[in-house]
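Novice: Quick one: structure below, then a few questions.
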Ligand SMILES: Cc1cc2nc3c(=O)[nH]c(=O)nc-3n(C[C@H](O)[C@H](O)[C@H](O)COP(=O)(O)O)c2cc1C
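Residue numbers (our numbering): 26 to 408.
Following this line, the structure appears as structure tokens:
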């Protein structure tokens, strides 16, 4: 059995999987459930200074499925606000959780002014939190809604402030809503943070076209989905080689392969909220199992064996081989003559006689039609 344990921001975790801050980590019962299913740590639901952020409307979730032919994409669109009962109750919840959990507990705080950031930082530390994640990233919060143009400055200020205030590790959670996350991650490091979480979710909007109004509660919302992982992998891969503090990868995890991808790109831990919301806490067992099975298959004993190993394997613009070496070919035995390959080919390389389809010399080798063929009868072959 490979060793899944990891050192993260001064904390020793039995698994790199962390239940991300959300309703799924909203009280001790839920934190315990996450622990029982194998997370290495939990980030508690954020307690916000903004009074409006303490109350969530009902309902507050929409699972948006968009279909294009046989392809579909899933978005978890939601308007869940912060911890409901205020900072005193939050600290009581930390004390309670510390009594019933063995894994490190990370508090999550979202302040608006220095006084509250420092007061609440001290309070969660005194209550026993093992670390604090600064929520500077909420898609409903004032920072993302009104201050993204000065996000680097806001993050720098608040990380420095919190580092002067508490002795427990400080983790800065980043919004994906910025132009160059690698620059901001370096600012986070220079400000003294012990880790950076990349990322929270994007602000978003969906519209009911019949009612001509926003869906759900009638406002904007946070949105994410399995598709969000590509954005996070891109930036973690770029950032990791230049950062000495660990990165917690977050966004779009649905299976063990996704966890592997985050670690290959350079993440030390991997956070998930959506997978738990949509598949239950049991999904954590599966993610750990799939990660371990992949490590076994690849002969990796520890996470450090492959962390960040993608670095150097991502080709630059200049390195990409642009020769046209392959083209598509149809297996006539399997083809049912549905005609999708002809409809989608922008090179007009596909023609047919009756139900017999063929791809001709004009094929540019783009590789799209094999993936759209419902019969799986097109392959790419050497020219
Ligand atoms: C319903 C919901 C509530 C969330 N609440 C919080 C929160 O209170 N604080 C926070 O830092 N992030 C919050 N998040 C963001 C998650 O912690 C996580 O960063 C994000 O969902 C991306 O991970 P995922 O794709 O695994 O969901 C929330 C996400 C969801 C879906």
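Using N, Cα and C, we set each Cβ at its ideal position, and we do this for glycine too.
Do residue 72 and residue 107 have their C-beta atoms within less than 7 Å of each other?
Specialist: yes
Novice: In the DSSP assignment, the beta strand (DSSP E) including residue 378 goes from what residue to what residue?
Specialist: 375-378
Novice: Identify, in the order they occur along the chain, each residue of the same chain with its Cβ nearer than 8 Å to the Cβ of residue 111, setting aside the five sequence neighbours on each side.
Specialist: 72, 79
Novice: Between residue 183 and ligand 1, is the CB less than 6 Å from at least one heavy atom?
Specialist: Remark: the C-beta of residue 183 is outside contact range of ligand 1, defined as less than 6 Å to any heavy atom.
Novice: Among 300, 48, 321, 405, which has the Cα closest to the Cα of residue 350?
Specialist: 405
Novice: Going by CA-CA distance only, name the one from 75, 44, 48, 77 that's closest to residue 61.
Specialist: 44
Novice: Just to confirm the assignment, what range does the alpha helix (DSSP H) spanning residue 282 have?
Specialist: In the DSSP annotation of this structure, the continuous segment of the alpha helix (DSSP H) that includes residue 282 starts and ends at 281-290.
Novice: Do residue 382 and residue 360 have their CB atoms nearer than 7 Å?
Specialist: yes
Novice: Starting from residue 97, trace the beta strand (DSSP E) both ways and give me its first and last residue.
Specialist: 96-103
Novice: Taking the beta carbon of residue 174 as the centre, do at least 16 other beta carbons fall within 10 Å, making it buried, or is it exposed?
Specialist: That one is exposed.
Novice: Under the rule that 16 or more other beta-carbon atoms within 10 Å means buried, what is residue 286, buried or exposed?
Specialist: buried
Novice: Report whether the distance from the Cβ of residue 341 to the nearest heavy atom of ligand 1 is below 6 Å.
Specialist: no
Novice: Go ahead and label residue 95 buried or exposed: buried means 16 or more other beta carbons lie within 10 angstroms of its beta carbon, across all protein chains shown.
Specialist: Exposed is the call here.
Novice: With C-beta atoms as the reference, is residue 34 less than 7 Å away from residue 236?
Specialist: no
Novice: So for residue 46, helix, strand or coil by DSSP?
Specialist: Here residue 46 sits in coil by DSSP.
Novice: Answer yes or no: do residue 300 and residue 278 have a C-beta to C-beta separation smaller than 7 Å?
Specialist: yes
Novice: Less than 7 Å between CB atoms is the rule here; does residue 323 satisfy it with respect to chain D?
Specialist: The chain labelled as chain D is not found in the depicted structure, where only one protein chain is given.
Novice: Taking contact to mean at least 3 C-beta pairs separated by less than 8 Å, is the region 252-260 in contact with the region 178-196?
Specialist: no
Novice: Quick check on this structure: which residue in 196, 252, 325, 157 has the alpha carbon closest to the alpha carbon of residue 28?
Specialist: For the residues 196, 252, 325, 157, the minimum Cα distance to residue 28 belongs to 325.
Novice: For the beta strand (DSSP E) containing residue 229, list its first residue and its last residue.
Specialist: 227-229
Novice: Is residue 134 helix, strand or coil by DSSP?
Specialist: Assignment of residue 134 by DSSP, reduced to helix, strand and coil, places it in the strand class.
Novice: Out of 369, 266, 377, which has the shortest C-alpha to C-alpha gap to residue 362?
Specialist: 377
Novice: When every heavy atom of ligand 1 is checked, does at least one fall within less than 6 Å of the C-beta of residue 367?
Specialist: For ligand 1, not one heavy atom lies less than 6 Å from the Cβ of residue 367.
Novice: State buried or exposed for residue 140, treating a residue as buried only when at least 16 other CB atoms are found within 10 Å of its CB.
Specialist: Looking at its Cβ environment, which holds fewer than 16 other Cβ atoms inside 10 Å, residue 140 is exposed.
Novice: Note down the Cα distance separating residue 387 from residue 368, rounded to an integer number of angstroms.
Specialist: 15 Å
Novice: For the beta strand (DSSP E) containing residue 158, list its first residue and its last residue.
Specialist: Judged by DSSP secondary structure, residue 158 falls within the beta strand (DSSP E) whose first and last residues are 156-160.
Novice: According to the Cβ coordinates, are residue 131 and residue 156 closer than 7 Å?
Specialist: yes
Novice: Taking 7 Å as the cut-off, decide whether the C-beta atoms of residue 222 and residue 275 are in contact.
Specialist: yes
Novice: Compute the minimum distance between the beta carbon of residue 314 and the heavy atoms of ligand 1, and state whether it is under 6 Å.
Specialist: Not under cutoff, so the answer is no.
Novice: Using alpha carbons as the reference points, say which of 127, 181, 395 lies closest to residue 356.
Specialist: 395
Novice: Given the structure, does residue 299 come close to ligand 1, in the sense that its CB is under 6 Å from one of the ligand's heavy atoms?
Specialist: Yes, the Cβ of residue 299 comes within 6 Å of a heavy atom of ligand 1.
Novice: Which full runs of the beta strand (DSSP E) of 3+ residues lie inside the region 187-245, going along the chain?
Specialist: 195-199, 220-223, 227-229
Novice: DSSP state of residue 248, grouped into three classes?
Specialist: Strand, per DSSP.
Novice: According to DSSP, is residue 125 helix, strand or coil?
Specialist: helix
Novice: I'd like the list of long-range same chain contacts for residue 81, defined as Cβ closer than 6 Å, with 5 residues on each side in sequence excluded.
Specialist: 105, 106
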